[in-house]
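Numbering (the working numbering), first residue to last: 3 to 346. Since the structure comes first, as structure tokens, the remarks are kept for the end.
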Amino acid sequence: MKVKKILTSGIILCMCVCLLDACQKEQPEESKKLYVGVACYDQSDTFLSEMLDSMKEQMNDLGDHQFETTLALREAAGSQRTQDDQVKELINAGCNILCVNLVERADPSEIIDLAREHDVPIIFFNREPVPEDLMQWDKLYYVGADAKQSGVMQGELAAAAIQADSQIDRNGDGKIQYVVLEGEQGHQDAIIRTENAVNTLKDQGIVLEKLSYRIANWNRAQAQNQMEQILSQYSNKIELVLANNDDMALGAIDAYEKSNFTRSAFPVFVGIDGTDVGLQAVVDGKMAGTVYNDKEGQAAAMLQLGAALVSGKGMDKIQFENNKYIYLPYLKVTQENVGDFLKK
Ligand code: BGC
Ligand code: CA
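Structure below.
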């Protein structure tokens, strides 16, 4: 008897939960709620912190208009395990869209499994998973930019500067002695940017001589440190510094500014990103140019895609590559057009 009672109440409880669940699914207002959980690999990254600021701002605008919006942000301080736990938390808190900036871009499986279990779509951004991983489920997307394009543009900027000023070849040997400061190993933007910048310079008829190459993990202080070591070895021989991002170009400039070199012995510096400090360095003539990595556009694309996924409307307006990728174009920044970017 007692067992029967328990069983019946169990079934009733179960039905109630199911009904409640069905009810919630039918409510049209539910799709108007956009609850975005953002997981970032490391918030001390200059480019990403500016991108997330832009995302918060744009999210507020979206909230004023069509959606009731909430954004929850977690940063993993460089640990994939921490990020896996944070994604679990975000899902439990009720996020209906996840934007994930992986710590280890080759290691998204745990996050994908979690999201899939709870049917929460993931928009990966900035740190691109390999195609096989993105194929694991149909609700996985990527928003970013084409690394090759940024490398080519950086090469073009450097070539233009060199062609415009014969003094850049300071020792007059017809070759440009250069060093590379590279981003994190294994990051899709590191090697590809370097390769394409160097090849583009060569294609433009510039004869190059590589003096040194160091990894500085996108980081200004590390780049300064690496550059100080390079300087102790090559002294005034360096004519061009190619950095995979603005922060590392700025770190290299910091090293020169701390040294005894006069400005006329400084090499040409070229960066990538167009962060606030990067653009300012172009204004000040410290950097010959940079390549704008469209953080506002990438943030907007994530929100547009997120809104379309939860509301079921507007997917047809989004331009995908291979149904999953959204790549925002890079833009070249020089002293002539930097003003257009400062307003962004
Ligand atoms: C940016 C870097 C940034 C890195 C982080 C790159 O696309 O150019 O500045 O540190 O992404 O993943
Ligand atoms: Ca030279």
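Heads up, the beta-carbon is just placed ideally off N, CA and C, and yes, glycines get one too. Every value quoted in this text rests on a predicted model; they were computed, and no experiment measured them.
Query                                                                                                          : Result
Those runs of the alpha helix (DSSP H) which lie wholly inside the region 254-293 and span at least 4 residues : 278-285
beta-carbon Q179 near ligand 2 non-hydrogen atom, thresh 7 Å                                                   : yes
Expected contact under 8 Å - CB spacing of K297 and E52 to nearest Å                                           : 6 Å
Touching by the beta-carbon criterion (3+ pairs, under 8 Å), the region 177-197 and the region 237-256         : yes
Residues bridged to T71 (per DSSP)                                                                             : L36
A225 to L136 span [Cα, whole Å]                                                                                : 32 Å
Bridge-paired residues (DSSP) for L244                                                                         : V182, V272
First through last residue of the beta strand (DSSP E) which encompasses L100                                  : 99-102
Residue burial classification, A24 (beta-carbon count within 10 angstroms, cutoff 16)                          : Any answer about A24 is weak, because its pLDDT of 40 lies below 50 and its placement is not dependable; what the coordinates show is given next. That one is exposed.
Inter-residue Cα distance where the pair is A79 and R129                                                       : 15 Å
Per-residue burial, N173 [other beta carbons within 10 Å of its own, 16 or more giving buried]                 : exposed
Residues near K316 in its chain [Cβ-Cβ closer than 8 Å; skip 5 each side]                                      : Rather than Lys, the amino acid found at residue 316 in this sequence is Gly. The answer, listed in chain order, is Q306, A309, A310.
The region 33-40 in contact with the region 277-285 per 3-pair CB rule at 8 Å                                  : no
D175 CB to nearest heavy atom of ligand 2 below 7 Å                                                            : yes
Any non-hydrogen atom of ligand 2 within 7 Å of E241 CB                                                        : yes
Secondary structure of F1, DSSP reduced to three states                                                        : Residue coverage of the chain in this structure runs from 3 to 346, which leaves residue 1 outside it and unanswerable.
Rounded separation between V132 and H67 - CA only                                                              : 36 Å
Straight-line Cα distance separating E91 from A160                                                             : 45 Å
Distance, N295 Cα to V340 Cα                                                                                   : 13 Å
Top-ranked residue by Cα proximity to N227, from S237, N103, R216                                              : R216
N- and C-terminal bounds of the alpha helix (DSSP H) containing L311                                           : 297-313
Beta-carbon gap between A254 and M229 smaller than 8 Å                                                         : yes
Helix, strand or coil at A41 according to DSSP, with G and I counted as helix                                  : strand
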